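Novice:
In this note's numbering, the protein residues as written are 11 to 513.
Here's what the structure looks like:
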């Protein structure tokens, strides 16, 4: 606990938001709606603003029951576009089922309910703030009989991806009188027996204090902190690439814990994916999320021994990709190759066609085996021979559903979308583990108030986004992270703003 005299505060605000990603900016906009004076503290320089949100594809998972619901979010949808697509539905029940199933039913039920029930209203609210959305044609739909068929419950992305999301939110903040300060690292909270009294910051090399009685922590997880990754996730995690910002080093979590917050959630768990093996150590804004490689259900993955090590077709990629990064990190030399043949080449996602990609191509499997750097050629060819011979080809291939076209008799099956690798040219992409965000964090209630180790809300302290624990365990349904940040950011900002006004 730190208490300062009145003359030791250089500035004041009604609400301070720590961070400037999706969750933080939603909190800022929500607080501003109450009439509060809101200051956003962004550790990064302006050119790198936006946290991990800026590195995402902008996909957001939410409840919708029909096309009319989607049209409220995307009023630009034309009748022709609706006629050319099967958007399906994503019901409350489906969202609850997905959250339970992929987290082994460990997710906090109250937080899950808050997330799901507020998902659609929050996207509608964001639309009203100027955030635009569009269908995820390129990543979440396949053409079937001339129609785009959406799959996996994830249908909508922000216009311009994560980059567009952050730009639109920053524009909304500027339009609503929110002040954003760059290169302003929050060092800690100033608290006393009555709760939050201010924050300590260091901006452009100068330290100062801001008086405020309401703070929203939304500064991301600890994925960019190699020491914390190794401490909490385990040995070897210092070797993982970081998909997003270099600034998410756990500052918000640390200062929350220092103020007495209770830790919760899956501290040894994280969202980690297949990521280009030669990507830089941290995210590259020029490439965004293009280093990811998520079409593995259409092919096979092999390790340095040439062996398959996961069921690539266990489920839609939305429900497996966030946990397969850990599996890849555990392979010999922390890499794998994804292998495809010409039959599925046109179905591969956009990220397979960027210039910055580690790729080999060959006219035969023998030639390909010689080109797979670090892989046993003999092991690879034996694996492909066994795989090709095991496939039940009488079951039709359909990438828009779990088609049941699987293997028989293999130690590691492929449950869906199994095609023999028999049609040249063959292509392969080398990947490693890319960590997105960590699952352990601060305890919050359904009002996004931070809870201390005695079970009480810390007066004036709220949290949202990656640094909230209790929602994700082992895995997560794709697109839920941004939605969670928006939902709890909006709730946190509203609570902080109301408290600032005394209402």
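Note that beta-carbon positions come from the ideal geometry of N, C-alpha and C, so glycine has one too. Every value quoted in this text rests on a predicted model; they were computed, and no experiment measured them.
On the DSSP letters alone, give me the boundaries of the alpha helix (DSSP H) that residue 317 sits inside.
Specialist: Mapped onto the chain shown, residue 317 falls at position 307. Unbroken run through residue 317: none, as it is neither H nor E.
Novice: Quick check: what's the CA-CA separation for residue 400 versus residue 391?
Specialist: On the chain shown, residue 400 is found 390 positions in, with the first residue counted as 1. On the chain shown, residue 391 is found 381 positions in, with the first residue counted as 1. The alpha-carbon atoms of residue 400 and residue 391 are separated by roughly 14 Å.
Novice: Taking the alpha carbon of residue 260 as the point to measure from, which residue in 223, 512 and 450 has its own alpha carbon closest?
Specialist: Sequence index remark: in the chain shown, residue 260 carries index 250 (1-based). Of the candidates 223, 512 and 450, the one whose C-alpha sits nearest the C-alpha of residue 260 is 450.
Novice: On the three-state DSSP scale, how would you describe residue 403?
Specialist: Here residue 403 corresponds to residue number 393 of the chain shown, with the count starting at 1. If DSSP states are grouped into helix, strand and coil, residue 403 belongs with coil.
Novice: Return the CA-CA distance between residue 161 and residue 331, expressed in angstroms with no decimal places.
Specialist: Against the chain shown, residue 161 aligns to sequence position 151. Against the chain shown, residue 331 aligns to sequence position 321. About 15 Å.
Novice: Count Cβ pairs between the segment 263-272 and the segment 319-331 that sit closer than 8 Å; are there 3 or more?
Specialist: In short, these stretches do not touch, since the Cβ pair count stays below three.
Novice: Would you mind listing the beta strand (DSSP E) stretches within the segment 29-57 that are 3+ residues and don't spill past its ends, in chain order?
Specialist: 48-52
Novice: Residue 195 by DSSP, collapsed to three states: which one?
Specialist: Sequence index remark: in the chain shown, residue 195 carries index 185 (1-based). Reduced to three states, the DSSP call for residue 195 is strand.
Novice: Would you say residue 68 and residue 168 are within 8 Å of each other, going by their C-beta atoms?
Specialist: Here residue 68 is taken as the residue at index 58 of the chain shown, counted from 1. Here residue 168 is taken as the residue at index 158 of the chain shown, counted from 1. Yes, the pair counts as a contact, with Cβ atoms nearer than the cut-off.
Novice: Leaving out the 5 sequence neighbours to the left and right, which residues in its chain are closer than 6 Å to residue 33 when beta-carbon positions are compared?
Specialist: As a position in the chain shown, residue 33 is number 23, starting the count at 1. Answer for residue 33: 228, 474, 475, 495 and 499, listed in chain order.
Novice: Tell me whether the beta-carbon of residue 297 lies closer than 8 Å to the beta-carbon of residue 338.
Specialist: Position 287 of the chain shown holds residue 297. Position 328 of the chain shown holds residue 338. The answer is no: Cβ separation not under 8 Å.
Novice: Taking the straight line between their C-alpha atoms, what separation do you get for residue 90 and residue 58?
Specialist: As a working note, residue 90 is residue 80 in the chain shown. As a working note, residue 58 is residue 48 in the chain shown. Spanning the two alpha carbons is a distance of roughly 39 Å.
Novice: How many whole angstroms separate the CB atoms of residue 60 and residue 176, which I take to be in contact at a CB cut-off of 8 Å?
Specialist: What you label residue 60 is simply residue 50 of the chain shown in a count that begins at 1. What you label residue 176 is simply residue 166 of the chain shown in a count that begins at 1. Their Cβ separation, rounded to whole angstroms, is 4 Å, which keeps residue 60 and residue 176 in contact under 8 Å.
Novice: Exposed or buried, residue 115, counting other C-beta atoms within 10 Å across all chains shown (16 or more means buried)?
Specialist: Counting from one through the chain shown, the residue named residue 115 turns up at place 105. The residue is exposed, with fewer than 16 neighbouring Cβ atoms inside 10 Å.
Novice: Assuming residue 469 is part of the beta strand (DSSP E), what are its boundary residues?
Specialist: To locate residue 469, count along the chain shown from 1; it is residue 459. Counting along the chain, the beta strand (DSSP E) containing residue 469 begins and ends at 467-473.
Novice: Once you ignore the five residues that flank residue 283 on each side, which residues in its own chain have a CB closer than 6 Å to its CB?
Specialist: Translated into the one-based positions of the chain shown, residue 283 becomes position 273. Sequence-distant Cβ neighbours of residue 283 in its own chain, meaning closer than 6 Å and more than five residues away, are 302, 331, 335 and 444.
Novice: My output table needs one value for residue 256: the three-state DSSP class, helix, strand or coil.
Specialist: Reading the chain shown from its first residue, position 246 is the one you call residue 256. Residue state, collapsed to three classes: coil.
Novice: Between the C-alpha atoms of residue 233 and residue 198, what's the straight-line distance to the nearest angstrom?
Specialist: The count along the chain shown starts at 1 and reaches residue 233 at position 223. The count along the chain shown starts at 1 and reaches residue 198 at position 188. Distance between the alpha carbons of residue 233 and residue 198 is about 19 Å.
Novice: Is it buried or exposed for residue 509, if we count other Cβ within 10 angstroms and need 16 for buried?
Specialist: The residue labelled residue 509 in the question sits at position 499 within the chain shown. Under this definition residue 509 is a buried residue.
Novice: With a Cβ-Cβ cutoff of 8 Å, do residue 49 and residue 226 count as a contact?
Specialist: By one-based count along the chain shown, residue 49 stands at place 39. By one-based count along the chain shown, residue 226 stands at place 216. Cβ atoms of residue 49 and residue 226: not closer than 8 Å.
Novice: Starting from residue 454, follow the beta strand (DSSP E) in both directions and report where the run begins and ends.
Specialist: Translated into the one-based positions of the chain shown, residue 454 becomes position 444. Careful: residue 454 lies outside any beta strand (DSSP E) and carries neither H nor E.
Novice: Compute the beta-carbon to beta-carbon distance between residue 299 and residue 72, rounded to the nearest angstrom, for a pair I have assumed lies under 8 Å.
Specialist: What you label residue 299 is simply residue 289 of the chain shown in a count that begins at 1. What you label residue 72 is simply residue 62 of the chain shown in a count that begins at 1. In this structure residue 299 does not touch residue 72 by the C-beta definition: roughly 20 Å separates them, more than the 8 Å allowed.
Novice: Buried or exposed for residue 418, going by 16 or more other Cβ atoms inside 10 Å?
Specialist: Here residue 418 refers to the residue found at position 408 of the chain shown. Classification for residue 418: exposed.
Novice: Does DSSP put residue 352 in a helix, in a strand, or in coil?
Specialist: Locating residue 352 in the chain shown gives position 342, where the first residue counts as 1. Assigned with DSSP and collapsed to three states, residue 352 falls in helix.
Novice: Per DSSP, which one or two residues make a beta bridge with residue 26?
Specialist: Reading the chain shown from its first residue, position 16 is the one you call residue 26. Residue 26 pairs with 49 and 225.
Novice: Grouping DSSP H, G and I as helix and E and B as strand, with all else coil, what is residue 341?
Specialist: As a first step, residue 341 is located in the chain shown; it is residue number 331 there, counting from the start. Reduced to three states, the DSSP call for residue 341 is coil.
Novice: What first and last residue would you give for the beta strand (DSSP E) that runs through residue 368?
Specialist: Sequence index remark: in the chain shown, residue 368 carries index 358 (1-based). No beta strand (DSSP E) contains residue 368, which DSSP labels as neither H nor E.
Novice: Ordered along the chain, which non-local residues of its own chain (more than five positions away) have a Cβ less than 6 Å from that of residue 46?
Specialist: Here the question's residue 46 lines up with position 36 in the chain shown. Counting only Cβ-Cβ distances below 6 Å, and skipping sequence neighbours, we find 24, 25, 507 and 510.
Novice: So, residue 191 versus residue 207, is the Cβ gap smaller than 8 Å?
Specialist: As a position in the chain shown, residue 191 is number 181, starting the count at 1. As a position in the chain shown, residue 207 is number 197, starting the count at 1. Result no, Cβ atoms of residue 191 and residue 207 do not sit closer than 8 Å.
Novice: Which whole-angstrom value is the C-beta distance of residue 435 and residue 502, which I expect to be below 8 Å?
Specialist: Sequence index remark: in the chain shown, residue 435 carries index 425 (1-based). Sequence index remark: in the chain shown, residue 502 carries index 492 (1-based). So it is not a contact: roughly 51 Å between Cβ atoms.
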